[in-house]
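First the structure, in the form of structure tokens, and then the observations on it.
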Ligand SMILES: *Cc1c(COP(=O)(O)O)cnc(C)c1O
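Next up, the structure:
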């Protein structure tokens, strides 16, 4: 089982006019920093505020006949995507998530008409409830990243990016469970075999990074991060996204919370954009000198804007931020 360009082309037809064609804009500041044109694919402009709508719509459109409803375990944006796609299709949706998910995200999902269940302290605990709903109530699970239709849906981003800027030399992808990276890399490498695809995660709790290093899916401890959408495991029984990331990613890099904090300020003050911490990991990596110097245009994906705005406001103001027991020391921008 693997996702092919033809699956991604099929997903393009499903989401056409509903979850596609987000803007691709140039960042003058990041272009200066990179020494090459640096683009942002603005997926935070999707109707649910994140790219996950693409995969969710494609998965819901391909449900088996007679499906009673769908369920998933989500740090927020996948839950939103599934809730929105299910509501459009008139299908019941039950979204399970851990206590670590910010309240704003929980409310956002309820507002889309889905049932929400909050279970345990980790994605893995919430996942137990998903399995129960599948076994006892006959719902169909839609994995946030380890599902062929979801990966194909996310892959449509890669096609659009290369349609807009065919000369792209590299794409920097925020990486968690790897559905986005698997889809984008599959599409981009099918269209342009020499393009480089980098996955980027936060330093603590980077499940895909640790699993790739170990050679097989690993459990990692989930810890609070400014990039909360990048938290969670990849599943010990991972079927698709781990193999695809192993085969297709040129490298996987990690950034610190301090680097993410600074990159959020950069996106706000230099580009005047608001997005989640998960979106800025490529900005953080480039500014920290962790990515190879590009020789042609590059791009990253601004994956979502469903940020905790009280926390974001503190960061823009240069104030300290509390992440569980850990304090990220404040620093006003430009000092
Ligand atoms: C889900 C998500 C990601 C990571 O996607 P994966 O497919 O899990 O790797 C990145 N950014 C945001 C905002 C997300 O919601």
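Residue numbers (my numbering): 6 to 340. For every residue, glycine included, the Cβ atom is placed at its ideal position computed from N, Cα and C.
Q.
Can you tell me whether residue 311 sits near ligand 3, meaning its C-beta is under 8 Å from at least one heavy atom of the ligand?
A. As for ligand 3, it is missing from this structure, which binds only ligand 1.
Q: Look at residue 257 and residue 293 and say whether their C-beta atoms are less than 9 Å apart.
A: Along the chain shown, one-based indexing puts residue 257 at 252. Along the chain shown, one-based indexing puts residue 293 at 288. Cβ atoms of residue 257 and residue 293: not closer than 9 Å.
Q.
Considering only the alpha carbon of each residue, which of 180, 95 and 255 lies closest to residue 209?
A. Along the chain shown, read from residue 1 onward, the residue named residue 209 stands at position 204. Nearest option by C-alpha distance: 180.
Q.
Less than 8 Å separating the Cβ of residue 229 from some heavy atom of ligand 1?
A. Within the chain shown, residue 229 is the residue found at index 224, counting from 1. Residue 229 Cβ: outside cutoff for every heavy atom of ligand 1.
Q: Give the range of the alpha helix (DSSP H) segment to which residue 250 is assigned.
A: Taking the chain shown and counting its residues from 1, the one referred to as residue 250 is at position 245. Residues 246-253.
Q) Going along the chain, which residues of its own chain have a beta-carbon closer than 8 Å to the beta-carbon of residue 197, five neighbours each way excluded? A) For the purposes of this step, residue 197 is identified with residue 192 of the chain shown, where counting begins at 1. Within the same chain, residue 197 has close Cβ partners 167, 171 and 173.
Q. Do residue 246 and ligand 1 come close, with the Cβ less than 8 Å from some heavy atom?
A. Walking along the chain shown from the start, residue 246 turns up at place 241. Correct: residue 246 has its Cβ closer than 8 Å to ligand 1.
Q: Give a yes or no on whether the C-beta atoms belonging to residue 341 and residue 333 are separated by under 9 Å.
A: With the chain covering 6 to 340 only, the question about residue 341 has no answer from this structure.
Q: Check the DSSP bridge columns for residue 344 and list the partner residues they point to.
A: No information on residue 344 is available, as it lies outside the stretch 6 to 340 that the chain covers here.
Q. Is it true that the CB of residue 35 sits closer than 9 Å to the CB of residue 291?
A. Indexing the chain shown from 1 puts residue 291 at position 286. Indexing the chain shown from 1 puts residue 35 at position 30. It is a contact, given that the beta carbons lie within the stated cut-off.
Q: Kindly examine ligand 1 and report whether one of its heavy atoms sits closer than 8 Å to the Cβ of residue 55.
A: Translated into positions along the chain shown, residue 55 becomes position 50. Checking the Cβ of residue 55 against ligand 1 gives yes.
Q: Compute the minimum distance between the beta carbon of residue 27 and the heavy atoms of ligand 1, and state whether it is under 8 Å.
A: For this step, residue 27 is matched to residue 22 along the chain shown. The answer is no for residue 27.
**Q.** residue 316 (DSSP reduced to helix, strand or coil)
**A.** Indexing the chain shown from 1 puts residue 316 at position 311. Helix at residue 316.
Q | Distance between residue 316 and residue 335 (C-alpha atoms, nearest Å) | A | Counting from 1 along the chain shown, the entry for residue 335 is found at position 330. Counting from 1 along the chain shown, the entry for residue 316 is found at position 311. Cα to Cα, residue 335 sits roughly 12 Å from residue 316.
**Q.** One or two residues paired with residue 284 in a DSSP bridge
**A.** The sequence position of residue 284 within the chain shown is 279, counting from 1. According to DSSP, which records beta bridges pairwise, residue 284 is partnered with nothing at all.
Q. From residue 99 to residue 252, what does the alpha carbon distance come to, in whole angstroms?
A. Counted from its first residue, the chain shown places residue 99 at position 94. Counted from its first residue, the chain shown places residue 252 at position 247. Rounded to the nearest angstrom, the two C-alpha atoms are 33 Å apart.
Q: Take residue 11 and list the residues in its own chain whose beta-carbon comes closer than 6 Å to its own, dropping the five residues that flank it on each side.
A: Stepping through the chain shown from its first residue, residue 11 is reached at position 6. Once the five neighbours on either side are set aside, residue 11 has no close Cβ partner at all.
Q. Would you say the stretch 66-83 touches the stretch 140-153, given that touching needs at least three Cβ pairs under 8 Å?
A. yes
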